[in-house]
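Okay, structure first, notes after.
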Amino acid sequence: MTAQVSSAAFHTTTQPAALPEHDATELTAGGHLALITLNGEVYALGTTRQGKLILTN
Numbered sequence: 016m017t018a019q020v021s022s023a024a025f026h027t028t029t030q031p032a033a034l035p036e037h038d039a040t041e042l043t044a045g046g047h048l049a050l051i052t053l054n055g056e057v058y059a060l061g062t063t064r065q066g067k068l069i070l071t072n
């Protein structure tokens, strides 16, 4: 006698967690610069005239 087992019992599908998405205009409060901290370091997130982002510390 052979038992049949559904392959679904061994495979679970989980959706990857969605990455947080932030609007740069909101981060800069409509301006051109926002300060971001990480591990005690302060970084400046700026926007260029061409609409690109630049991150400096």
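Once you know that position 50 of the sequence shown is 65 in the numbering used here, the rest is easy, because the numbers rise by one and skip nothing. Don't be surprised by glycine CBs; every beta carbon is placed ideally from N, CA and C.
Per DSSP, which one or two residues make a beta bridge with residue i?
i	result
glycine 61	Leu48 and Ile69
leucine 42	Partner(s): none; leucine 42 has no beta bridge.
glutamate 56	Leu53
Assuming the contact rule is C-beta atoms closer than 8 Å, residue i and residue j should be a hit. Round their C-beta distance to whole Å, please.
i	j	result
leucine 48	glycine 66	The Cβ separation is near 15 Å, so there is no contact.
isoleucine 51	tyrosine 58	5 Å
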